[in-house]
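Chemist:
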Amino acid sequence: MENKAIICKDLTKQFGDFKAVDKISFEVNEGEIFGFLGANGAGKTTAMRILCGLSFPTSGEAHVAGFDVYKQQEKIKKNIGYMSQKFSLYDNLTILENIEFFAGVYGVSRYEIKERSKDLILTLGLEKEAKKVVGGLPLGWKQKLAFSVAVFHRPKIVFLDEPTGGVDPITRRQFWEMIYQAAADGITVFVTTHYMDEAEYCDRISIMVDGRVAAIDSPSALKKRFNAVSMDEVFYELARNAKRTSD
Amino acid sequence: MNWREMPKEHQISMKRLLAFIRKEFYHVFRDQRTLLILFGLPVVQIILFGFALSSEVKNIGIAIQDNSHDLHTEKMIRKIQSSSYFHVENPILNYNDIENRFKDGTIKCAVIFPSNFGSDVQRLGGAKIQVIADASDPNTATIVTNYLNAIIRDYQQELNPSAKLNYQIIPELRQLYNEEQNGSLNFIPGVIALIFMIVSTALTSVAVVREKELGTMEILLVSPFSPIMVLIAKAIPYLVLSIINFILIILLSVYLLDVEIKGSFLLLFAESILFIITCLSLGLLISNVTDSQQTAMLISMMGMMLPTLLLTGFMFPLENMPWIFQAISHLIPSHYYYIIVKAVMLKGLGFSYIWKETLILAGMTVVLLTISLKKFKIRLS
Amino acid sequence: MKVLGFILQKEFRQIFRDKTILAMMFFVPIFQLIILPLAANFEVKSVNIVYVDHDHSSYSQKLINKIGSSGYFHIVGAPSSYLEGLEFIEREDADLILEIPSGFERNLVREGSQKVNIAADAINGTKSNIGNAYLNVVLADFSNDLDIRYKLSPQSASVSPSLITLNSTNWYNPRAEYKYYMVPGILVLLLTLIGGFITALNIVKEKEIGTIEQINVTPIQKWQFILGKLIPFWIVGMIVFTVGLIVMYLIYGIFPQGSFLVLYLFAGVYLTALLGLGLLISTFADTQLQAMFIAYFFMMIFMLMSGFFTSTDSMPNWARIFSEFTPVTHFIKVVRLIVLKGSGLQEVGTELLYLFIFAIVLNSLAIYNYRKTN
Chain A
9 MENKAIICKD
19 LTKQFGDFKA
29 VDKISFEVNE
39 GEIFGFLGAN
49 GAGKTTAMRI
59 LCGLSFPTSG
69 EAHVAGFDVY
79 KQQEKIKKNI
89 GYMSQKFSLY
99 DNLTILENIE
109 FFAGVYGVSR
119 YEIKERSKDL
129 ILTLGLEKEA
139 KKVVGGLPLG
149 WKQKLAFSVA
159 VFHRPKIVFL
169 DEPTGGVDPI
179 TRRQFWEMIY
189 QAAADGITVF
199 VTTHYMDEAE
209 YCDRISIMVD
219 GRVAAIDSPS
229 ALKKRFNAVS
239 MDEVFYELAR
249 NAKRTSD
Chain B
9 MNWREMPKEH
19 QISMKRLLAF
29 IRKEFYHVFR
39 DQRTLLILFG
49 LPVVQIILFG
59 FALSSEVKNI
69 GIAIQDNSHD
79 LHTEKMIRKI
89 QSSSYFHVEN
99 PILNYNDIEN
109 RFKDGTIKCA
119 VIFPSNFGSD
129 VQRLGGAKIQ
139 VIADASDPNT
149 ATIVTNYLNA
159 IIRDYQQELN
169 PSAKLNYQII
179 PELRQLYNEE
189 QNGSLNFIPG
199 VIALIFMIVS
209 TALTSVAVVR
219 EKELGTMEIL
229 LVSPFSPIMV
239 LIAKAIPYLV
249 LSIINFILII
259 LLSVYLLDVE
269 IKGSFLLLFA
279 ESILFIITCL
289 SLGLLISNVT
299 DSQQTAMLIS
309 MMGMMLPTLL
319 LTGFMFPLEN
329 MPWIFQAISH
339 LIPSHYYYII
349 VKAVMLKGLG
359 FSYIWKETLI
369 LAGMTVVLLT
379 ISLKKFKIRL
389 S
Chain C
6 MKVLGFILQK
16 EFRQIFRDKT
26 ILAMMFFVPI
36 FQLIILPLAA
46 NFEVKSVNIV
56 YVDHDHSSYS
66 QKLINKIGSS
76 GYFHIVGAPS
86 SYLEGLEFIE
96 REDADLILEI
106 PSGFERNLVR
116 EGSQKVNIAA
126 DAINGTKSNI
136 GNAYLNVVLA
146 DFSNDLDIRY
156 KLSPQSASVS
166 PSLITLNSTN
176 WYNPRAEYKY
186 YMVPGILVLL
196 LTLIGGFITA
206 LNIVKEKEIG
216 TIEQINVTPI
226 QKWQFILGKL
236 IPFWIVGMIV
246 FTVGLIVMYL
256 IYGIFPQGSF
266 LVLYLFAGVY
276 LTALLGLGLL
286 ISTFADTQLQ
296 AMFIAYFFMM
306 IFMLMSGFFT
316 STDSMPNWAR
326 IFSEFTPVTH
336 FIKVVRLIVL
346 KGSGLQEVGT
356 ELLYLFIFAI
366 VLNSLAIYNY
376 RKTN
């Protein structure tokens with residue numbers, strides 16, 4: 009429990025007869041970039057929501073940042089960051105205002121917010137847009153901003169749910185640069201994606217198929233195991249008999 | 009054109025269209041919460057208007073100050089007490105008390121018998137009773153005064169049975185179209201019109217706009233079917249929903265409220281279908297002017313329903329309104345539907361009485377559809 | 006508390022950038038206060054009547070003249086038969102038919118009494134009731150006139166019967182205009198819209214675009230989130246109320262007779278109760294469309310049952326009990342009392358208590374129902 013950011017044992021989430029997440033077990037080390045892969049409908053988002061304290065598991069155990077997902081959800085939330093598929097920023101607030109709100113809510117002092125937002129704006133190259141409302145920004149910038157907001161309060165772990173949907177490969181690459189930087193700063197990154205090539209960027213990945221963890225290891229190890237040249241092939245091997253193909 | 013005579017690609021598109029219509033039905037009927045409200049609304053309105061709400065004036069809180077305490081006052085007070093129009097509250101103690109009683113809302117009328125009332129009647133041949141009415145609601149005040157006058161007249165009759173008025177006109181009243189005395193039946197056409205507006209206008213417009221928002225509209229338009237077919241397909245589930253609602257309301261009115269359908273049900277049904285189509289056309293027009301579901305909803309609910317509520321004439325009498333409102337009401341389709349339903353359902357009149365209104369509704373429908381289709385086609389190109 | 010500060014900052018920023026809400030704060034009160042009283046007028050100004058005179062006597066002529074000059078009626082025709090008269094009603098050109106039978110004058114003089122037939126279009130109950138009442142007044146007057154003339158004539162030898170008359174005065178609405186009754190009610194409608202509708206829609210919109218999830222994943226606590234929504238909309242509601250009061254005075258000249266403090270106190274508590282309702286509704290809806298329908302459903306029932314349009318006195322017992330359980334009923338009653346009659350805290354204190362209870366119950370339900378984790 010000491011150095012593990014996330015621990016899952018037989019975690020299950022059931023809706024009626026349907027097991028969205030079926031007895032998954034894995035561990036994520038501190039400072040790791042952990043890829044949570046799988047096809048649409050495999051159960052990735054459901055699992056992540058449990059880990060974020062948004063959903064109660066049906067059975068099994070999980071600890072995030074050392075806290076129990078059943079009883080200590082509020083403590084978990086204080087220590088994590090989150091970026092959802094919808095890039096949930098407030099469209100009618102400016103960049104600065106969005107940063108201010110989310111950072112403030114996590115307990116960052118007003119002084120620190122002021123100082124560090126200036127730096128953040130510079131780093132992102134958004135000086136000209138700082139006072140504009142987020143709604144008018146192109147998708148790529150919104151993504152980067154959402155990520156920055158998610159890690160502004162320097163959480164122990166940041167959860168990213170399909171963060172790179174809908175943008176070109178260059179922007180995706182830039183986004184991953186930001187992830188690397190965060191990991192270098194000591195933040196554990198838990199990222200779900202269905203882009204198999206992004207798997208190469210992670211330290212370790214797990215692949216979910218039909219609600220279960222079909223494989224968990226580093227990308228290179230997996231490629232060796234399945235005699236594959238790319239992660240796409242690995243995934244194909246694992247998922248071709250999958251029964252569930254959409255959420 | 010027979011199914012088999014159609015070229016293959018048309019057959020496929022027809023299948024796609026049917027599948028699409030099926031999906032629309034599924035989508036509509038799966039949203040149980042909205043469905044509950046859509047059926048609950050007319051049911052609740054009928055129950056409320058039919059049983060709970062009434063513009064009749066009765067059970068009025070009244071308090072009496074009897075300064076005379078003689079036989080006459082006692083008799084009169086008892087008469088007031090036994091009238092169902094009044095609900096007698098605690099007697100008034102003094103003049104200041106009256107104001108307080110009005111202020112806490114327990115009474116709407118105060119009656120004061122002066123001292124020596126009885127002896128005045130006996131010896132002087134007459135006496136005056138003081139009545140103070142709360143005219144916040146002007147209608148109440150008028151009717152309350154009327155009721156009291158009637159009670160007094162009755163009592164006078166008792167006092168002087170022999171010396172009755174030498175000239176007495178006795179009115180015999182017939183309540184037309186409403187022998188069961190159901191308060192007002194106005195509301196039934198109103199409830200129907202309202203639910204048509206909600207289902208056929210608001211929901212249809214939102215449904216079409218949703219397709220635009222999701223981007224699936226283009227897929228539909230690629231099919232060899234004309235845009236008209238696509239729009240019709242969208243509208244069909246709401247047409248069905250409206251018809252079900254209509255039948256529900258009629259059943260409730262007939263069996264729960266004992267309202268007869270005096271005229272031809274077929275005619276009523278046909279006119280209602282016409283009006284539903286008018287509402288659908290309105291919904292389609294609205295869906296053409298906006299790309300956002302929220303805006304479509306707002307325009308339908310606020311822009312269409314509010315005028316329907318206010319200016320159709322079923323809730324508030326049109327003749328009281330300034331002429332500009334009356335003019336606007338002539339632009340509102342539900343105004344004509346209201347007249348048609350009243351005539352056919354409640355008065356039992358035939359087509360000869362409503363052909364004008366029917367024509368106007370049909371005309372409105374054609375205009376609305378033409379504009380919507382034109383706009384729709386422009387957007388495509 | 007610091008967190009609450011950040012939340013409120015964000016909410017206020019969003020509200021003032023949301024054109025819909027700004028429109029609501031200013032345009033909608035003005036619009037509703039002007040348009041609604043013009044439309045929502047239940048006064049029966051003039052009733053259309055046709056008469057069928059089978060007698061053609063001087064008495065029937067006198068009666069007809071009296072009706073025409075009474076100011077209550079508008080004579081639209083003089084058909085020669087009842088059936089023809091019916092056509093007027095069918096075409097909605099007339100509301101009442103008065104049929105004077107042949108022998109009217111003769112029977113009145115010889116027998117002392119005579120029946121007349123009245124047929125009223127009873128589809129609109131109010132109109133027919135009032136029309137009938139007016140007609141009765143005219144008929145009674147007519148009888149009285151004849152009677153007086155008879156008594157004043159030398160042939161009369163009868164003892165005049167004792168006459169009890171009413172001396173009636175109207176308080177609180179000297180010109181008996183409907184708008185004094187409606188306008189305070191519209192203020193209530195405004196607050197109801199803000200509390201119920203706008204709040205529910207706002208929260209459900211956050212559900213739809215996903216920002217609620219973002220909030221649920223932060224350490225923001227339930228009470229902070231709820232207060233963060235209640236407080237800004239409460240303030241908006243109070244602003245709207247004030248705008249409404251100003252418009253009411255400027256346009257209608259209605260100045261509350263009672264204390265402003267008491268009025269605002271009630272408004273504040275009522276708004277809190279309605280906000281709780283809006284919050285509760287938002288926990289049941291997933292889309293704005295659903296929220297709109299659910300809110301509309303409840304608002305409609307409340308407004309209809311509240312005594313806004315029709316009096317609660319005339320309701321059957323079960324309906325009256327039901328209306329006691331809605332906060333709208335109490336607030337409408339109080340607003341009319343305070344504005345038109347100047348009632349003070351003493352007189353309406355119990356109503357305040359009821360509103361408090363509503364506020365507590367509704368908000369508790371909403372808080373209980375709102376879950377950060379599913």
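Protein chains in written order, with our numbering: chain A, 9 to 255; chain B, 9 to 389; chain C, 6 to 379. The beta-carbon is built from N, C-alpha and C at its ideal position, and this holds for glycine as well. All of these numbers come straight from a predicted model, not from anything done at the bench.
1) Can you look up residue 383 (chain C) in the DSSP assignment and give me helix, strand or coil?
2) Measure from the alpha carbon of residue 111 (chain B) to the alpha carbon of each residue in C:360, C:346 and C:313, then state which is nearest.
3) Check the Cβ-Cβ distances between residue 182 (chain B) and every residue of chain D, and say whether any is below 7 Å.
4) Which residues in the same chain as residue 91 (chain A) place their Cβ atom closer than 6 Å to its Cβ, once the five residues preceding and following it in sequence are excluded?
5) Jot down the residue ranges of each uninterrupted beta strand (DSSP E) in the stretch 14–88 of chain C, minimum 3 residues, whole runs only, in chain order.
6) On a CA-only basis, which of B:279, B:326, B:380 and B:332 is nearest residue 364 (chain B)? Give me that one, please.
7) Compare the Cα-Cα distances from residue 119 (chain B) to each of B:286, B:147, B:68 and B:326 and report the closest residue.
8) What residues in the stretch 103–114 of chain B bring their beta carbon closer than 7 Å to a beta carbon of chain C?
9) Once the 5 residues before and after residue 44 (chain A) are set aside, which same chain residues still bring their CB inside 8 Å of it?
10) Measure the alpha-carbon distance for residue 267 (chain C) versus residue 52 (chain B) and round it to whole angstroms.
11) Under the three-state reduction of DSSP, which class applies to residue 219 (chain B): helix, strand or coil?
12) Which runs of the beta strand (DSSP E) at least 3 residues long sit entirely within the stretch 105–130 of chain C? Give them in chain order.
13) Could you give the distance in angstroms between the alpha-carbon of residue 310 (chain B) and the alpha-carbon of residue 265 (chain C)?
14) Quick one: list the residues of chain C neighbouring residue 61 (chain A), beta-carbon separation under 9 Å, in chain order.
15) To the nearest angstrom, report how far apart residue 142 (chain A) and residue 148 (chain A) are at their CA atoms.
16) Here's a check: name, in chain order, each residue in its chain whose Cβ is nearer than 7 Å to the Cβ of residue 259 (chain C), leaving out the five neighbours to either side.
17) Which residues in chain C sit within 7 Å of residue 182 (chain A), going by Cβ to Cβ distance?
18) Relative to the alpha-carbon of residue 289 (chain C), which residue among B:41, B:381 and B:32 has its alpha-carbon at the smallest distance?
19) When the Cα of residue 115 (chain B) is compared with those of B:43, B:141 and B:314, which residue comes out closest?
20) Pop quiz: residue 283 (chain B) and residue 204 (chain B) are said to be a contact at Cβ under 8 Å. What is the actual Cβ separation, rounded to whole angstroms?
21) So is residue 64 (chain B) in contact with chain C if we call contact Cβ pairs under 7 Å?
22) Let me check one thing: in DSSP terms, what residues is residue 182 (chain B) bridge-paired to?
23) Under 7 Å between the Cβ atoms of residue 77 (chain C) and residue 139 (chain C)?
24) Using 10 angstroms around the beta-carbon of residue 351 (chain C), count the other beta-carbons present and answer buried if the total reaches 16, otherwise exposed.
25) For the beta strand (DSSP E) containing residue 37 (chain A), name the first residue and the last one.
26) Chain C beta carbons: is any one of them nearer than 7 Å to that of residue 141 (chain B)?
27) Using the beta-carbon count (16 or more within 10 Å), is residue 70 (chain B) buried or exposed?
28) For residue 221 (chain A), which beta-bridge partners are listed by DSSP?
29) Could you give the distance in angstroms between the alpha-carbon of residue 296 (chain B) and the alpha-carbon of residue 287 (chain B)?
30) In the DSSP assignment, find the unbroken beta strand (DSSP E) run with residue 168 (chain A) in it and report its ends.
31) List the residues of chain C that residue 145 (chain B) touches, going by C-beta distances under 7 Å, in chain order.
32) Determine the burial state of residue 338 (chain B): buried for a count of at least 16 other Cβ atoms within 10 Å of its Cβ, exposed for fewer.
33) Can you name the residues of chain C whose CB is closer than 7 Å to the CB of residue 302 (chain B)?
34) Name the residues in the stretch 210–240 of chain C whose C-beta lies less than 7 Å from a C-beta of chain A; which are they?
35) Name the residue from B:81, B:80, B:350 and B:373 whose alpha carbon lies nearest to the alpha carbon of residue 362 (chain B).
36) Straight-line CA distance for residue 220 (chain A) to residue 27 (chain A)?
Modeler: If we stick to the structure as given:
1) What the structure shows of chain C is the stretch from 6 to 379, and residue 383 (chain C) is not part of that stretch, so it cannot be assessed.
2) Minimum Cα distance to residue 111 (chain B) is reached at C:346.
3) The structure shown contains no chain D; the protein chains it does contain are A, B and C.
4) So the list reads 154, 155, 158, 168 and 171, once near-sequence residues are dropped.
5) Correct list: 52–58 and 78–82.
6) Of the listed residues, the one whose Cα sits closest to residue 364 (chain B) is B:279.
7) The option with the nearest alpha carbon to residue 119 (chain B) is B:68.
8) If the cut-off is 7 Å between Cβ atoms, the stretch 103–114 of chain B has 108, 110, 111, 112 and 113 near chain C.
9) Contacts found: 52, 55, 56, 198, 199, 200, 201, 213, 214 and 216.
10) Approximately 35 Å, taken between the alpha carbons.
11) Residue 219 (chain B) sits in a helix when the DSSP states are folded into three classes.
12) For the stretch 105–130 of chain C, the full-length beta strand (DSSP E) segments reaching 3 residues or more read 118–126 along the chain.
13) Taking the straight line from one Cα to the other gives about 32 Å.
14) Residues of chain C passing the Cβ test: 221, 222, 377 and 378.
15) Cα to Cα, residue 142 (chain A) sits roughly 12 Å from residue 148 (chain A).
16) Excluding sequence neighbours, residue 259 (chain C) sits near 185, 188, 253 and 344.
17) Those do not exist, as residue 182 (chain A) stays about 23 Å from chain C at its closest Cβ, beyond 7 Å.
18) Looking from the CA of residue 289 (chain C), the closest CA among B:41, B:381 and B:32 belongs to B:41.
19) It is B:141 whose Cα lies nearest to the Cα of residue 115 (chain B).
20) With 8 Å as the limit, residue 283 (chain B) and residue 204 (chain B) qualify as a contact, their Cβ atoms being about 6 Å apart.
21) Closer than 7 Å to some Cβ of chain C, the Cβ of residue 64 (chain B) qualifies, so yes.
22) According to the DSSP secondary-structure assignment, residue 182 (chain B) is paired through a beta bridge with C:124.
23) Result yes, Cβ atoms of residue 77 (chain C) and residue 139 (chain C) sit closer than 7 Å.
24) That one is exposed.
25) Counting along the chain, the beta strand (DSSP E) containing residue 37 (chain A) begins and ends at 26–37.
26) Judged by the 7 Å Cβ criterion, residue 141 (chain B) is in contact with chain C.
27) Classification for residue 70 (chain B): buried.
28) A:216, per the DSSP bridge assignment.
29) Taking the straight line from one Cα to the other gives about 14 Å.
30) First-last of the beta strand (DSSP E) with residue 168 (chain A): 165–169.
31) Neighbours of residue 145 (chain B) across chain C, judged by C-beta separation under 7 Å: 186 and 316.
32) Using a 10 angstroms sphere on the CB of residue 338 (chain B), the tally of other CB atoms stays under 16, which defines it as exposed.
33) The contacting residues are 293.
34) Within the stretch 210–240 of chain C, the residues whose Cβ lies closer than 7 Å to some Cβ of chain A are 214, 215, 216, 218, 219, 221, 222, 223, 224 and 225, listed in chain order.
35) Ranking B:81, B:80, B:350 and B:373 by Cα distance to residue 362 (chain B) puts B:350 first.
36) A direct Cα-Cα distance of roughly 9 Å separates residue 220 (chain A) from residue 27 (chain A).
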